[in-house]
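*Asks:* Handing you this structure, nothing more for now.
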């Protein structure tokens, strides 16, 4: 049972480039989400999904795109990277109820030059 | 909208001393409340959660937290700090009325344990 996995661990992009951060879970969780972590700001929700084919925006969705074609995978796409998107990105999964524990991946550290 | 305030971005204690990390929330109805811990270069893991059962919640590694509705607080405590407790701690809330599991996090408190 691998839990939540994320690739890559580190990435450096130039302004304007696009890329996809991968996230996968093997716990059959319906709920998946993406957060970004910035110093002094905690974690902020980017996008989330309550099941395959269903996604919605979180607190800071601008510049990011998601899709959910399977229960296991929830990729995050940066359409045109900007320096403001330099951050650590975490994917999480859980059962869909508000009191369920969220399981976090190890994170992707992204730098945009 | 819900919000979470963690008082003190850095807390320093001596090994064996009491740990107290403060969390206050803002919500029109009592939310679900969580404490997560993040060790360096790792993801977050759950310490404990409040889901409207007992107001005193016990978690892993000797931590506990008490939900106080009148004070809108959910402070995290541990009677005796250990060097291995050094990490960043996040308080988070989710709305009981919403479908799904969207968390709103506080800014985090970095705990330093001195020998």
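Protein chains in written order, with the numbering used here: chain B, 14 to 126; chain G, 7 to 121. Glycine included, every Cβ here is placed at the ideal spot set by N, Cα and C.
1) For residue 118 of chain B, tell me which candidate among B/126, B/107, B/124 and B/84 has the shortest Cα-Cα distance.
2) Beta-carbon within less than 6 Å of residue 84 of chain B's beta-carbon, same chain only, minus the 5 sequence neighbours each way: which residues are those?
3) Please return the same chain residues whose Cβ sits closer than 6 Å to the Cβ of residue 18 of chain G, not counting the five positions on each side in sequence.
4) Could you list which residues in chain G have their beta carbon closer than 7 Å to that of residue 79 of chain B, in chain order?
5) DSSP beta-bridge partners for residue 40 of chain G?
6) The ligand FAD heavy atoms versus the CB of residue 15 of chain B: any closer than 6 Å?
7) Could you confirm whether any beta carbon from chain G is found closer than 7 Å to the beta carbon of residue 107 of chain B?
8) Would residue 9 of chain G and residue 32 of chain G be called neighbours here (beta carbons separated by less than 7 Å)?
9) Please tell me whether residue 73 of chain B and residue 94 of chain B are closer than 7 Å, where the distance is taken between their beta carbons.
10) Would residue 85 of chain G be called buried (16 or more neighbouring beta carbons within 10 Å of its own) or exposed?
11) For residue 91 of chain G, which of helix, strand or coil comes out of DSSP?
12) Residue 81 of chain G: which of G/20, G/13, G/27 and G/16 sits nearest, CA to CA?
13) Which of the three DSSP states, helix, strand or coil, is assigned to residue 30 of chain G?
14) Closer than 7 Å, Cβ to any Cβ of chain G: which residues of the segment 94-124 of chain B, in chain order?
15) Shorter than 7 Å from the beta carbon of residue 54 of chain B to some beta carbon of chain G?
16) Closest by CA to residue 93 of chain G, which one among G/11, G/16, G/12 and G/7?
17) Compute the Euclidean distance between the alpha carbons of residue 103 of chain B and residue 56 of chain B, then round it to the nearest angstrom.
18) With a threshold of 6 Å on Cβ separation, who are the neighbours of residue 23 of chain B within its own chain once the five nearest residues in sequence on each side are excluded?
19) Determine the closest residue to residue 25 of chain G out of G/56, G/67 and G/76, with distance taken between C-alpha atoms.
20) Could you confirm whether any beta carbon from chain G is found closer than 7 Å to the beta carbon of residue 63 of chain B?
21) For residue 42 of chain B, which beta-bridge partners are listed by DSSP?
22) Can you give me the start and stop residues for the beta strand (DSSP E) that residue 102 of chain B sits inside?
23) Apart from the five residues on each side of it in sequence, which residues of its chain come closer than 6 Å, Cβ to Cβ, to residue 113 of chain G?
24) Please report the distance separating the alpha-carbon of residue 108 of chain G from that of residue 21 of chain G.
*Replies:* Quick answer:
1) Start at 1 with the first residue of the first chain, and residue 118 of chain B comes out as number 105. Of all alpha-carbon atoms in B/126, B/107, B/124 and B/84, the one lying nearest the alpha-carbon of residue 118 of chain B is that of B/107.
2) Translated into positions along the first chain, residue 84 of chain B becomes position 71. Around residue 84 of chain B: 65.
3) In the second chain, counting from the first residue as 1, residue 18 of chain G sits at position 12. Hits under 6 Å: 118.
4) Locating residue 79 of chain B in the first chain gives position 66, where the first residue counts as 1. Near residue 79 of chain B there are no residues of chain G at all, since even the closest Cβ is about 14 Å away, more than 7 Å.
5) By 1-based counting over the second chain, the position of residue 40 of chain G is 34. According to DSSP, which records beta bridges pairwise, residue 40 of chain G is partnered with G/55 and G/98.
6) No copy of the ligand FAD appears in this structure; indeed no ligand is present at all.
7) Walking along the first chain from the start, residue 107 of chain B turns up at place 94. Chain G, which has a Cβ nearer than 7 Å to the Cβ of residue 107 of chain B, makes this yes.
8) Here the question's residue 9 of chain G lines up with position 3 in the second chain. Here the question's residue 32 of chain G lines up with position 26 in the second chain. For residue 9 of chain G and residue 32 of chain G, yes; Cβs fall inside 7 Å.
9) Here the question's residue 73 of chain B lines up with position 60 in the first chain. Here the question's residue 94 of chain B lines up with position 81 in the first chain. Taking C-beta atoms as the reference points, residue 73 of chain B and residue 94 of chain B fail to come closer than 7 Å.
10) By one-based count along the second chain, residue 85 of chain G stands at place 79. By the neighbour-count rule (16 or more Cβ atoms within 10 Å), residue 85 of chain G is not buried but exposed.
11) One-based indexing of the second chain puts residue 91 of chain G at position 85. Residue 91 of chain G: helix per DSSP, three-state reduction.
12) Your numbering for residue 81 of chain G matches position 75 in the second chain. The residue with the shortest Cα to Cα distance from residue 81 of chain G is G/27.
13) Mapped onto the second chain, residue 30 of chain G falls at position 24. It is a strand residue.
14) 103, 107, 109, 110, 111, 112, 113, 114, 115, 117, 118, 119 and 120
15) Mapped onto the first chain, residue 54 of chain B falls at position 41. With 7 Å as the cut-off, residue 54 of chain B counts as an interface residue toward chain G.
16) Within the second chain, numbered from 1, the residue matching residue 93 of chain G stands at position 87. Nearest C-alpha to residue 93 of chain G: G/16.
17) Counting from 1 along the first chain, the entry for residue 103 of chain B is found at position 90. Counting from 1 along the first chain, the entry for residue 56 of chain B is found at position 43. Residue 103 of chain B and residue 56 of chain B: Cα-Cα distance of roughly 9 Å.
18) Here residue 23 of chain B refers to the residue found at position 10 when the first chain is read from its first residue. The residues are 122.
19) For the purposes of this step, residue 25 of chain G is taken as residue 19 along the second chain, with counting starting at 1. Answer by Cα proximity: G/67.
20) As a working note, residue 63 of chain B is residue 50 in the first chain. Yes, residue 63 of chain B lies at the interface with chain G (some Cβ there is under 7 Å from its Cβ).
21) The count along the first chain starts at 1 and reaches residue 42 of chain B at position 29. Partner(s): none; residue 42 of chain B has no beta bridge.
22) Taking the first chain and counting its residues from 1, one reaches residue 102 of chain B at position 89. Residues 100-107.
23) Start at 1 with the first residue of the second chain, and residue 113 of chain G comes out as number 107. So the list reads 12, once near-sequence residues are dropped.
24) Counting from one through the second chain, the residue named residue 108 of chain G turns up at place 102. Counting from one through the second chain, the residue named residue 21 of chain G turns up at place 15. Roughly 35 Å separates the two Cα atoms.
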